[in-house]
Amino acid sequence: MENWVLILSRWQFAITTIYHFFFVPLTLGLSVFVAILETIYVRTGQEVYKRMTKFWGKLFVINFAMGVVTGIVQEFQFGMNWSEYSRYVGDIFGAPLAIEALLAFFLESTFLGLWIFGWDKVSKGVHALAIWLVAIGSNISSLWILVANSFMQQPVGYAEENGRLVMTNFWALLGNSNVWVQFPHVVFSGFATAAFFVLGISAYHLLRKKHADVFERSFRLAALYGTIAMLLVILVGHSQAQHMVATQPMKMAAAEALWETENPASFSLFTITDQANRRDLVSLRVPRLLSLLSYNRLEGEVKGINDLQKQFELEYGPGNYIPPIMLNYWTFRIMVGVGFLMFFIAAFALLRVIQKRALQELKILKWLPFAIALPYLSNSTGWILTELGRQPWVVYGKLKTAQAFSPNLTPGLVLTSLIGFTLVYGLLMVADVYLLTKYAKAGPAPKPAKHSVAEQAYWE
Amino acid sequence: MTLGTLWFVLIAVLYIGYFVLEGFDLGVGILLPFLGKNDLRRRAIINTVGPHWDGNEVWLLTAGGATFAAFPNWYATLFSGFYLALFLMLIALIVRGVAFEFRSKDENPRWRSLWDWCIFLGSVIPALLWGVAFANFVRGVPIGPNFQYQGTFLDLLNVYSLLGGVVSLLGFALHGAIFLSLKTVDDLQVQARRWAQRLWVPAVIALVAFTISTYVFTDIIDKSGINPWPVSIFAVLALLASGWFIRRKQDGWAFVMTALAILLAVTTIFMELYPRVLVSSIDPMYDLTIENSASGPLTLRTMSIVALIFVPIVLAYQGWTYWIFRKRIVEKADTLHY
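Protein chains in written order, with numbering that gives the first Met the number 0: chain A, 0 to 459; chain B, 0 to 337.
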């Protein structure tokens, strides 16, 4: 019989978490971007940077609000739907969550309040400091939540006592090697998300030859920001994949649709798999490339799904240890493919900037507003790969997802909340996109002194 | 004092911080339709809590995270057991937070009125549910073997817990009305004070009734490790005193008194619970206690160090922002950010 509480809880977690992560990366990157703009304004006193700060800041704030409120659900749903998980790992997993709230959430929320409402209440320098603290808070928050997530990927610093895990080394938790590939990957993806957001909206206005002073500067900065960020995302992503081969071989085998252990291992260009019968329907592979990607040399063994399944059965007892292969395979390819596309777009934009081309004449402009979708696609597929590829485990090698749900819940209860969250989130997304589009299209406040106080107040 | 007890106290402190701070911004949200007779006034009301509501809410996130870290069983049983109530609370807090941010960013009156409803309902529901939840902590809920909640949502609704809900709803509304009279001028201030006076009588009656019911209808006092009666009496006295200060137009002192009443009421409940964290109405052997719910010593020690360093820092900078925004809000459109 199907366990509907488990199935529905998984759907709810996936929907609420992916949704939450629509807003987080832009917060990570745009907070830093706005902080840079305001710092330039404070240092140079050029009015145009103040208008840039306010324009991008307003979009930042709209996005931030959505990230905050959907984050509340994240803090509570482990207990709500995953009580046995919470009991099993709370000793370890709860600590980074609490530290995240104490070190990061207070910082970002308090100083964002100061930043929004404090334009005429504190000095310019303190005001710029406020947005830096928001940026630092947001990015620290991603560190702690990834410390927590890394424990699920690669448990360290624990011992098992009376059927639950207890912390034995806090620094091992923080020094978990998974953290230090995952954290930079996530943060730089956030920077890239912001860069594409800024490039897209700037392109929209440059095409219409409006507010050139604001959007040429924004475009140039974002092209640089995006290129650096994407370069780092790809470099770190490469070592992250190598780390995955070493620590979660099944995730990599599934992401490569590699049934049999190979040495040297081939890389799949296009595969469609029939998972139920453990065979490929279509498979096109490049020899040696997977070994090269995994070890930076032309040979090296990469374990296949069948061997790993046997190995896990010996180690953990009978069971199915194969994650959904096609989902892993295609999310991995979409993430990587889109990532490279983003790198080339950003680098191309930067090239044009360096060549001092007239930005308003660039052919790429009309595509850039659509390119805003790219980072959202790669961010989401990246997380789907990370979390689905770990299945059937919720804590790798320690606790299966099927053992982690709350046994007291009924399918009706979970269905109620699943429908409720989905509906409310859907409606909020409509409102959020409406406001972002409205303010993005409206552009920055007109240059000062030409307009009445009331008009100025509306824009600010 | 053991580390477990220290964390029991610290979680009480986090809830107190949450209720004292978010209590008034929930109250302001509850009063929005009653005091906001036109759009400008509604904006002024929302702007009184504008810079603060988000930071206030983080106290709840921290309390939740700290419960997870320090008492995983408490976190797991409570949040899975109170599933539907918590779901409603989350939806309320979500739409409310977004509403603050989105409401004044479009001129359309229907847009604004929609978000005003979200602010109102998003404030009423948590204000009511917190009282219901805390009353149930004291009364006990059906917890069976293996720390599993065995009841339904309806088990959380009973005369005693609903009375608790009325106390928190009226209490936060009063706290919010006094905050508004502290933060506004002219007619809005007069109206806010009038609402504070109006709310004060039923709030006192509700708190007294709830306190008496606790002694009459629950066996918590017999089971409790500490007798909290002096604290509960002082909670009532503080609430009484707030009315006296409202009448004398000493809003600052009135606010201190409602804050004190909240602090003492929450303290009473935690004293009644001690050394338990959740009471089983089925059998005391199923109670969740500090001992059977707490994390290991390393987690508690680490968390203690982090908390002792950072809670004072948070208090300092949050307090500082309250100082920055100490000026009253006036009803002039070009001075309002929300």
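Beta carbons are placed, not taken as given, at the ideal position from N, Cα and C, and that holds for glycine. Every value quoted in this text rests on a predicted model; they were computed, and no experiment measured them.
Rounded to whole angstroms, what is the Cα-Cα separation between residue 456 of chain A and residue 336 of chain B? Here residue 456 of chain A corresponds to residue number 457 of the first sequence, with the count starting at 1. Here residue 336 of chain B corresponds to residue number 337 of the second sequence, with the count starting at 1. Bear in mind that a pLDDT of 49 at residue 456 of chain A, under 50, signals an unreliable position, so the number given afterwards is only what the model happens to contain. Those two C-alpha atoms are separated by around 9 Å.
Check this for me: beta carbons of residue 358 of chain A and residue 187 of chain A, under 8 Å apart or not? On the first sequence, position 359 is the one that residue 358 of chain A refers to. On the first sequence, position 188 is the one that residue 187 of chain A refers to. In this structure, residue 187 of chain A does not lie closer than 8 Å to residue 358 of chain A by Cβ.
Go through its chain and collect everything with a Cβ distance to residue 208 of chain A's Cβ below 8 Å, but skip five positions before and after it. Along the first sequence, read from residue 1 onward, the residue named residue 208 of chain A stands at position 209. Correct list, in chain order: 359.
Output yes if chain A places a C-beta closer than 8 Å to the C-beta of residue 324 of chain B; else output no. To locate residue 324 of chain B, count along the second sequence from 1; it is residue 325. Judged by the 8 Å Cβ criterion, residue 324 of chain B is in contact with chain A.
How about residue 396 of chain A and residue 154 of chain A: do their beta carbons lie closer than 8 Å? As a position in the first sequence, residue 396 of chain A is number 397, starting the count at 1. As a position in the first sequence, residue 154 of chain A is number 155, starting the count at 1. Against a cut-off of 8 Å, the Cβ pair of residue 154 of chain A and residue 396 of chain A comes out as a contact.
Am I right that residue 97 of chain A and residue 37 of chain A are in contact with their C-beta atoms under 8 Å? What's the rounded C-beta distance? The residue labelled residue 97 of chain A in the question sits at position 98 within the first sequence. The residue labelled residue 37 of chain A in the question sits at position 38 within the first sequence. The Cβ separation is near 31 Å, so there is no contact.
Going by DSSP, which residues form a beta bridge with residue 142 of chain B? Position 143 of the second sequence, counting from 1, holds the residue named residue 142 of chain B. DSSP, once it has assigned bridges, lists B:148 as partnering residue 142 of chain B.
According to DSSP, residues forming a beta bridge with residue 82 of chain A: Here residue 82 of chain A is taken as the residue at index 83 of the first sequence, counted from 1. Paired residue(s): none; residue 82 of chain A is not in a bridge.
Leaving out the 5 sequence neighbours to the left and right, which residues in its chain are closer than 6 Å to residue 271 of chain A when beta-carbon positions are compared? Start at 1 with the first residue of the first sequence, and residue 271 of chain A comes out as number 272. Within the same chain, residue 271 of chain A has close Cβ partners 280 and 281.
Anyone know if the C-beta pair for residue 180 of chain A and residue 232 of chain A falls short of 8 Å? Position 181 of the first sequence holds residue 180 of chain A. Position 233 of the first sequence holds residue 232 of chain A. Going by C-beta atoms, residue 180 of chain A is not nearer than 8 Å to residue 232 of chain A.
Using three-state DSSP, classify residue 207 of chain A as helix, strand or coil. Reading the first sequence from its first residue, position 208 is the one you call residue 207 of chain A. Reduced to three states, the DSSP call for residue 207 of chain A is coil.
Residues of its chain near residue 129 of chain A, where Cβ-Cβ distance is below 6 Å and the 5 sequence neighbours each way are ignored: On the first sequence, residue 129 of chain A is found 130 positions in, with the first residue counted as 1. Closer than 6 Å at Cβ, skipping near neighbours: 110, 113 and 114.
CA nearest to the CA of residue 228 of chain A, picked from A:426, A:349, A:323 and A:103: On the first sequence, position 229 is the one that residue 228 of chain A refers to. Cα-wise, what sits closest to residue 228 of chain A is A:349.
Report buried or exposed for residue 63 of chain B, applying the criterion of at least 16 other Cβ atoms within 10 angstroms of its Cβ. Numbered from 1 along the second sequence, position 64 holds the residue referred to as residue 63 of chain B. Burial call: buried.
Alpha helix (DSSP H) runs wholly inside the stretch 182-265 of chain A, at least 4 long, in chain order: 211-246 and 248-254
Three-state secondary structure (DSSP) of residue 395 of chain A: Residue numbering aside, residue 395 of chain A sits at position 396 when the first sequence is read from its first letter. In the structure shown, residue 395 of chain A sits in coil (DSSP, three-state: anything other than H, G, I, E or B).
Considering only DSSP beta bridges, list what residue 140 of chain A is partnered with. The count along the first sequence starts at 1 and reaches residue 140 of chain A at position 141. Residue 140 of chain A pairs with nothing; no bridge assigned.
For residue 9 of chain A, which residues in chain B fall below 9 Å Cβ to Cβ? Position 10 of the first sequence, counted from the first residue, corresponds to residue 9 of chain A. Those do not exist, as residue 9 of chain A stays about 15 Å from chain B at its closest Cβ, beyond 9 Å.
Any idea what DSSP makes of residue 287 of chain A, helix, strand or coil? Numbered from 1 along the first sequence, position 288 holds the residue referred to as residue 287 of chain A. Note: residue 287 of chain A maps to coil in three-state DSSP.
I'd like to know if residue 274 of chain B contacts chain A, where contact means its C-beta is closer than 8 Å to some C-beta of that chain. Numbered from its first residue, the second sequence carries residue 274 of chain B at position 275. Not closer than 8 Å to any Cβ of chain A, the Cβ of residue 274 of chain B fails to qualify, so no.
Quick check: is the beta carbon of residue 60 of chain B nearer than 8 Å to any beta carbon in chain A? By 1-based counting over the second sequence, the position of residue 60 of chain B is 61. It does: the Cβ of residue 60 of chain B has a partner Cβ on chain A nearer than 8 Å.
Cβ of residue 291 of chain B within 8 Å of any chain A Cβ: On the second sequence, position 292 is the one that residue 291 of chain B refers to. It does not: the Cβ of residue 291 of chain B has no partner Cβ on chain A nearer than 8 Å.
At a Cβ threshold of 8 Å, is residue 89 of chain A touching chain B? The residue labelled residue 89 of chain A in the question sits at position 90 within the first sequence. True, the Cβ-Cβ gap to chain B drops below 8 Å.
Could you name the residues of the same chain whose beta carbon sits closer than 8 Å to that of residue 196 of chain B, not counting the 5 residues immediately before and after it, in chain order? The residue given as residue 196 of chain B occupies position 197 in the second sequence. If we look at residue 196 of chain B and ignore the five residues flanking it on each side, its Cβ neighbours are 242, 245 and 246.
Counted within 10 angstroms of its Cβ, other Cβ atoms place residue 205 of chain B as buried (16 or more) or exposed: Locating residue 205 of chain B in the second sequence gives position 206, where the first residue counts as 1. Residue 205 of chain B is buried by the Cβ-count criterion.
Can you tell me which of the three DSSP states residue 158 of chain A falls into? In the first sequence, the residue the question calls residue 158 of chain A occupies position 159. Strand.
Might you give, ordered along the chain, the residues of its own chain that have their beta carbon closer than 7 Å to the beta carbon of residue 11 of chain A, omitting 5 neighbours on each side? The sequence position of residue 11 of chain A within the first sequence is 12, counting from 1. So the list reads 80, 413, 416, 417 and 420, once near-sequence residues are dropped.
Verify the CB distance criterion: does residue 82 of chain B have a CB-CB separation below 8 Å to chain A? As a first step, residue 82 of chain B must be located in the second sequence, where it is residue number 83. By this cut-off, residue 82 of chain B is an interface position.
With distances taken from CA atoms, which of A:264, A:17, A:84 and A:13 is nearest residue 406 of chain A? Numbered from 1 along the first sequence, position 407 holds the residue referred to as residue 406 of chain A. Cα-wise, what sits closest to residue 406 of chain A is A:84.
Start and end residues, beta strand (DSSP E) containing residue 163 of chain A: Against the first sequence, residue 163 of chain A aligns to sequence position 164. Residue 163 of chain A -> beta strand (DSSP E) spans 163-166.
Return the residue from the list A:122, A:329 and A:343 that minimises the CA-CA distance to residue 381 of chain A. Walking along the first sequence from the start, residue 381 of chain A turns up at place 382. For residue 381 of chain A, the nearest C-alpha among the options comes from A:329.
Less than 8 Å between the CB atoms is what I'm expecting for residue 85 of chain B and residue 127 of chain B, so what's the real figure, rounded? Position 86 of the second sequence, counted from the first residue, corresponds to residue 85 of chain B. Position 128 of the second sequence, counted from the first residue, corresponds to residue 127 of chain B. Not confirmed; about 14 Å, so no contact.
What residues match up with residue 167 of chain B in a beta bridge as DSSP calls it? Numbered from its first residue, the second sequence carries residue 167 of chain B at position 168. Looking at the DSSP output, residue 167 of chain B bridges to nothing.
Collapsed DSSP secondary structure at residue 409 of chain A in the structure displayed: To locate residue 409 of chain A, count along the first sequence from 1; it is residue 410. Correct three-state label for residue 409 of chain A: coil.
Does the CB of residue 160 of chain B have a neighbour CB from chain A at under 8 Å? Residue 160 of chain B sits at position 161 when you count from the first residue of the second sequence. So, not an interface residue.
Under the assumption that residue 72 of chain B contacts residue 86 of chain A (Cβ atoms under 8 Å), give the Cβ distance between them as a whole number of angstroms. Working through the second sequence from its first residue, we reach residue 72 of chain B at position 73. Working through the first sequence from its first residue, we reach residue 86 of chain A at position 87. The Cβ separation is near 6 Å, so the contact holds.
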